[in-house]
Amino acid sequence: MTTEYTKLDTATKSLTLIQAINEGMETVLEQDPSTLILGEDVGKNGGVFRATDGLQEKFGEDRVIDTPLSESGIIGTSVGLAVNGFKPIAEIQFMGFIYPAYDQIMTHVSRIRMRTMGRYSVPMVIRAPFGAGVRAPEIHSDSAESLFTHMPGIKVVCPATPVDAKGLLIAAVNDPDPVLYMEPMHSYRAFREEVPVESYTVEIGKGKIRKEGEDVTLITWGAMVPIVEKVARQADAKGISCEVIDLRTLYPIDQEIISESVQKTGRAVIIHEAPGTGGLGNDVVSIINDTSFLYLKAPTERVTGFDVPVPFFSLEKHYLPTPERIFKSIEKVTNF
Amino acid sequence: MTTEYTKLDTATKSLTLIQAINEGMETVLEQDPSTLILGEDVGKNGGVFRATDGLQEKFGEDRVIDTPLSESGIIGTSVGLAVNGFKPIAEIQFMGFIYPAYDQIMTHVSRIRMRTMGRYSVPMVIRAPFGAGVRAPEIHSDSAESLFTHMPGIKVVCPATPVDAKGLLIAAVNDPDPVLYMEPMHSYRAFREEVPVESYTVEIGKGKIRKEGEDVTLITWGAMVPIVEKVARQADAKGISCEVIDLRTLYPIDQEIISESVQKTGRAVIIHEAPGTGGLGNDVVSIINDTSFLYLKAPTERVTGFDVPVPFFSLEKHYLPTPERIFKSIEKVTNF
Amino acid sequence: MIESYPLRQIIDDEGNLIDSNNRDLINRELVQKAYFNMYRIRTFDKKAKSLQRQGRIGTYPPFEGQEAAQVGSALALGENDWIFPTYRDHGAMLTYGADMTRTFLYWNGRMEGCVPPEGKHIFPAAVPIATQLLHAVGASWAEKRKGTNAIAIAYFGDGATSEGDFHEGLNFASVFQTPTIFFNQNNGYAISVPFERQTNSKTIAQKGVAYDIPSVRVDGNDFFAVYFEMQKAVKRARTGGGPSLIEAVTWRTGAHTTADDPTKYRPEGLGEDVVDPLVRLERFMKNAEYWDEAFITTTHVEVEEEVEAAVKAMEDYPAPRVEDLFDYVFAELPEQLKKQKASYLQLLGGQ
Amino acid sequence: MIESYPLRQIIDDEGNLIDSNNRDLINRELVQKAYFNMYRIRTFDKKAKSLQRQGRIGTYPPFEGQEAAQVGSALALGENDWIFPTYRDHGAMLTYGADMTRTFLYWNGRMEGCVPPEGKHIFPAAVPIATQLLHAVGASWAEKRKGTNAIAIAYFGDGATSEGDFHEGLNFASVFQTPTIFFNQNNGYAISVPFERQTNSKTIAQKGVAYDIPSVRVDGNDFFAVYFEMQKAVKRARTGGGPSLIEAVTWRTGAHTTADDPTKYRPEGLGEDVVDPLVRLERFMKNAEYWDEAFITTTHVEVEEEVEAAVKAMEDYPAPRVEDLFDYVFAELPEQLKKQKASYLQLLGGQ
Ligand SMILES: Cc1ncc(C[n+]2csc(CCOP(=O)(O)OP(=O)(O)O)c2C)c(N)n1
Ligand SMILES: Cc1ncc(C[n+]2csc(CCOP(=O)(O)OP(=O)(O)O)c2C)c(N)n1
Ligand SMILES: [Mg+2]
Ligand SMILES: [Mg+2]
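Residue numbers (this note's numbering), protein chains in the order written: chain H, 1 to 336; chain S, 337 to 672; chain U, 673 to 1023; chain Y, 1024 to 1374.
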């Protein structure tokens, strides 16, 4: 049974998001001897972001494994390990480097259970930092969730807070199916939260209302959550009451939390980093179209990355949804 | 200047879709000495579907090149050829085998013009047969357009008829930017059409109304076009007048043709083969939402592949949109 | 380089032992196992081609000519090993214990064809070329971690050596010293592309040098040569010696698949000098006095019956369930998929 | 295997000629070109690190310790050749003619940094590892098709040899006999992973065997060894001899990037015995009487001025235009993108 962490009455520690991820991995490595971590620089170096810091020291080179520089290799061998009793947590150093492994994920990770009618399965977690805004070099800032939400057979989660990060990580590892675990790089060390010390899970497939409101529903995830929350408070101050939904799971998406909120507010703005065309925002538009058509007081707005490659960092602030763009869309749906 | 083929008053030949593709390639190989074809089995064998039949014989091993079995190799070397003066037409044997080349397409093909501010560009065409319904083995039947329409920097076209096939192919080769040219396998030899003998182009970015109608707009592309046309005629017979739009270009999409039609009919059904979640259908829902909200008499319907991997062929007819499912959605938007 | 990788042989084309010292390696049991399995999969293969021609199954990739390589390798494996085959390795799979009815079902577009018998580690055939090499590395790595002495074998063709996953697979196996056998069937062609245009090296075996993986080149139409070289590699893997690469030089007698026409690209007469591996084994059996008419007759009858029964079972198999389209994507159906399934079943029910 | 690939050297750590027969290969012009360029890119590199520390540019991957490899290889190229570098090869790029201001701009998050001087074939640095090898194959293939004698060089690190694209690149080059030089800088580490854990072969050079590509292993800190081995490979490529693989064994003196902390993973003292390639060259210059104070002083002054001027030009560079976010994605802006651009510019204008 999944326990929502809010129900826990337990000791907590103040952690950043990346520390919470580290704790989540420590927890599962302790709980389940079949788990192992593999990836580039995850061992001795503790990960380029220190996500796996201290884990090789604690669990040994056999559980926390530095691999060759080879993403298809990491995922392909994880498939073999997973069908044969292990639970790999594979790190892809940046989401923009997941593409060499796309074939393995698309043709094997996501399909093995179906093609063998359940005889084989690959319970594995693929971790990948994603998103722009940290002045990183080229290709380091992509948001590639749509390439995986469109891929039947894999779940996609994306925590926005330290508490969700730990709980979703443990849930992902416990899940019988492969899970892509997207880590909003920009939020890694941006803020702290009190995180339960003990093990807990956050249910995959459930979004969370971060702020209640009456006039407009703002739907987002990842590093956009704190930005959208801030804009929502500013809008409130200007008399537009905004509800903020953090999707947390991108596949399977929590349709109910969306439709309930939009049926209440009658207006929605979706905010995400990836380019609008082909972005997950369109799926949310469809969900609203399918479930809440008659409730809509205005066409749904999307505020997304532009339909351009994530630019070099001198321009990235113009690529990303800005508070101004978000607010403009809030006004637009309100004044329609 | 692009000439819509309908304006041509010229000799024609009755061709299947794949013959028209072959003719298109022959035309460009003749017109432009910088063009070359490369891929697996495209040379001596003339392609596993005979798309390149006779071309190596006619143009030599130097222009029509059998490569090693290596999709990343085909696309990666095409990048080098394209920046250095050639126009590669790269064949990926089946769209389900494009995934090993995804990294090259995502991080280079689509980005070189932008990152070099136009100094380098890669005018190339990537051809890939796609879609289910031909009793092919696993992975041979994927519809992966969304993975490319979501990728800024590449255009995506998909002809449904022999005339469009030839004209779009020539347009794609002439285009200064990379173009993914998707070939509906199921339509390769399904029917013939009178195709102009001379060279002509079909403009990239323009859809086509295949059938006019008043009550519902049906939006589709590729191998679904003839099926949808048939359902549309049946619906007409039952008193529901359907307009059929063949998008032809999937990026950049022809927003105008969609909005004009939907503003006329007030109802839309989108039909495609790929899974619904993350499918291009959602983009079309967004376009309708953005442009035609106040005209809508019913929520837009999508009839798509289910959110499952394309199954083994014994089940593929259940995976694909059936006339029954399409008709049910037409009724649904009509009776809303 | 080719001199460093001489073609290892035990019997010649006439079925004579090349080195009489090897006589003791061979016994009746082994010879009969070889014959039985090679004849069995040959019969399966012929049947499959004929079923395809009659439209009773889908496109099919015959393995005729590669029986010695497939049987020789599969028979050298143990109970608990893992095999990671391609679409052309149903001969090896059947030899290792795959179910024949299900093998026919696979080629009839049924996912039931991917489900191995309980307890047998037979991965479904890989269609995307070379991807399975990494799975074999992972599965055998898992055995090493568990401290068993089980191993994994990856089957792949000459064309597969051009894919990145071939390289990444061999590199991982070597770095982590996994008990993996990379078993290459160099059958001369990847669809229409001859080996000489697939790569510029004269052998596939020499590609092992890049990873310091012990490699051999063996006559893939010589059952005994394959079997004994496999035994060495198996032993090395079981005893902590790490991965091996075996290039079994063989020949694809027929078309790439039933949809392919080799006259388009294969020079006439090419390969005509290749002695069929089954004929070669028969010659050896006759030369070395292993020929036993009674055994041969029983084998033929038994195999014919098995194949016919499997075809019948395949054709009598319950029709595919529409539910199967949805039920195995995840351990538990997500809400959306549940709805898609329900509404489709309802539509079907209403027709 | 390692015996087949001895480390080729011309001068030793003390700066002495190892084989006096090689004395005639070397002349003042070459020595001064080597010194000038190595000193120049060393100065650039130091400046870049210091700018990063001051927050005046972004994360930066220093190439200190690899100057002999980068300069030795770049100087052996001709006017019309193509270079396909990585993020760590700005030393080679600068030597081959890249603009220094733009190089700083690159590391300041400006796409202007990817635009080479008109007429210079310098591809932007590849960030996704090993992808550029295939581009070099394609570009040099194009030269071969055009009938020129221009060639292409791909730069890559030891870690890059694990990616599938490394393998596919070498295979294509070999099959099509393209005039491509695969220039590897084996600097001992791929971020934190030492070469011994990246692959199990003792050398990278031996990986050429897999493709029958001529390969050598050279002391990458010995400018002359690199330069002369490059010359051989260049000549082979220009004269139809096809691709070559050069492993230049060198050492990354500093961190992987300015965001990296090598003390986390690199044993203390490791690499301390490596003689700095610039020091080695200086020793040679002194030993062989090429040392010329006037030249050294002029070089230092000239380089210091150039670097300072480039920094100033970088910092004075016009601010990035928001329009550039949209304008270069396609040759012509598609309708949707036009709208996105217009509405964003309007929003910005209205602020
Ligand atoms: C990634 C990928 N690309 C292309 C194909 C199409 N294809 C199927 S079999 C084949 C040739 C394989 O040749 P080889 O590896 O020699 O095996 P063989 O068929 O000879 O047994 C090709 C190109 C595929 N299945 N997967
Ligand atoms: C496909 C891909 N995976 C991962 C990375 C992250 N990354 C950047 S540099 C690097 C190490 C490269 O090592 P090597 O090839 O030896 O070159 P060096 O940095 O030593 O010059 C890694 C893993 C990347 N850039 N691209
Ligand atoms: Mg083959
Ligand atoms: Mg390195």
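Beta carbons are placed, not taken as given, at the ideal position from N, Cα and C, and that holds for glycine.
Quick caveat, the model's predicted, so the values are computed rather than measured.
With a CB to CB cut of under 8 Å and the five nearest residues on each side skipped, what residues in its chain are close to residue i?
i, result
"Leu1371(Y)", "Val1345"
"Glu548(S)", "Glu579"
"Gly337(H)", "A query on residue 337(H) cannot be resolved here, the shown segment of chain H reaching from 1 to 336 and no further."
"Lys44(H)", "Gln56 and Asp66"
"Gly85(H)", "Ser34"
"Pro226(H)", "Ala160, Ser187, Ala190 and Phe191"
Would a C-beta distance cut-off of 9 Å place residue i and residue j closer than the cut-off?
i, j, result
"Leu365(S)", "Ile373(S)", "yes"
"Val1330(Y)", "Phe1067(Y)", "yes"
"Asp884(U)", "Ser1224(Y)", "yes"
"Tyr438(S)", "Tyr99(H)", "yes"
"Ile698(U)", "Ile682(U)", "yes"
"Ser846(U)", "Thr871(U)", "no"
"Gln1012(U)", "Asp402(S)", "no"
"Gly24(H)", "Val173(H)", "yes"
"Val799(U)", "Pro635(S)", "no"
"Pro88(H)", "Ser72(H)", "no"
"Leu747(U)", "Thr767(U)", "yes"
"Phe756(U)", "Ala706(U)", "no"
"His108(H)", "Gly76(H)", "yes"
"Gly1142(Y)", "Gln1200(Y)", "no"
CB-CB under 6 Å to residue i, same chain, minus the five flanking residues each way: which ones, in chain order?
i, result
"Val303(H)", "Ile271, Pro321, Arg325, Ile326 and Ser329"
"His928(U)", "Ile863"
"Met431(S)", "Ala464, Phe466, Asp478 and Ala480"
Using only CA atoms, which one of the options lies nearest to residue i?
i, options, result
"Asp964(U)", "Asp684(U), Gln681(U), Glu701(U) and Leu679(U)", "Glu701(U)"
"Thr1375(Y)", "Ala1099(Y), Asp1181(Y), Ala1162(Y) and Glu1102(Y)", "Only positions 1024 to 1374 of chain Y appear in the structure, and residue 1375(Y) is not among them; the question remains open."
"Pro184(H)", "Ala171(H), Pro275(H), Ser199(H) and Phe49(H)", "Phe49(H)"
"Ile92(H)", "Ala171(H), Leu180(H), Thr16(H) and Asp9(H)", "Leu180(H)"
"Ala909(U)", "Ile876(U), Trp754(U) and Thr875(U)", "Trp754(U)"
"Phe221(H)", "Asp215(H), Ser14(H) and Glu229(H)", "The residue asked about is misnamed: residue 221(H) is Trp in this sequence, not Phe. Checked all of Asp215(H), Ser14(H) and Glu229(H); the closest Cα to Trp221(H) is Glu229(H)."
"Leu1128(Y)", "Gly1038(Y), Tyr1028(Y) and Asp1339(Y)", "Asp1339(Y)"
"Phe956(U)", "Glu686(U), Tyr677(U) and Glu675(U)", "Glu686(U)"
"Ser406(S)", "Pro1084(Y), Leu1360(Y), Phe1195(Y) and Val1138(Y)", "Phe1195(Y)"
Ignore the nearest five residues each way along the sequence and tell me which others in residue i's own chain have a CB closer than 7 Å to its CB.
i, result
"Ala905(U)", "Ile853, Ser916 and Ile918"
"Glu1096(Y)", "Per the sequence shown, the amino acid found at residue 1096(Y) is Ser instead of Glu. Closer than 7 Å at Cβ, skipping near neighbours: Ala1115, Ile1176, Phe1206, Val1249 and Met1253."
"Thr1154(Y)", "Asp1188"
"Asp254(H)", "Gly205, Lys206, Gly207 and Leu247"
"Asp1283(Y)", "Ile1214"
"Phe896(U)", "Ile682, Ile683 and Ile698"
_Measuring CB atoms only, is the stretch 478-486 of chain S touching the stretch 324-332 of chain H, in the sense that at least three cross pairs come out at less than 8 Å?_
Contact fails: fewer than three Cβ-Cβ distances are below 8 Å.
*Just jot down, in chain order, the residues whose CB lies closer than 6 Å to any heavy atom of ligand 4.*
Per the Cβ criterion, the list is Gly1180(Y), Asp1181(Y), Gly1182(Y), Asn1210(Y), Tyr1212(Y) and Ala1213(Y).
_Measuring CB atoms only, is the stretch 731-739 of chain U touching the stretch 915-925 of chain U, in the sense that at least three cross pairs come out at less than 8 Å?_
Segments in contact, yes.
*Taking three-plus beta-carbon pairs below 8 Å as touching, is the stretch 448-468 of chain S in contact with the stretch 619-629 of chain S?*
No, the stretch 448-468 of chain S is not in contact with the stretch 619-629 of chain S.
*Would you check if there are 3 or more beta carbon pairs closer than 8 Å linking the stretch 152-171 of chain H to the stretch 105-116 of chain H?*
Yes: at least three Cβ pairs fall under 8 Å.
*asked:* Across the stretch 1120-1137 of chain Y and the stretch 1282-1290 of chain Y, are there enough close Cβ pairs to call them in contact, namely three or more that are closer than 8 Å?
replied: By the C-beta criterion, the stretch 1120-1137 of chain Y is judged not to be in contact with the stretch 1282-1290 of chain Y, since fewer than 3 inter-stretch pairs fall below 8 Å.
*Do the stretch 197-213 of chain H and the stretch 254-270 of chain H make contact, defined as three or more Cβ pairs closer than 8 Å?*
Between the stretch 197-213 of chain H and the stretch 254-270 of chain H there are three or more inter-stretch CB-CB distances shorter than 8 Å, so the stretches are counted as touching.
*Does the stretch 770-779 of chain U come close enough to the stretch 973-989 of chain U to have 3 or more Cβ pairs within less than 8 Å?*
Using a C-beta cut-off of 8 Å, the stretch 770-779 of chain U makes contact with the stretch 973-989 of chain U, since at least three inter-stretch Cβ pairs fall below that distance.
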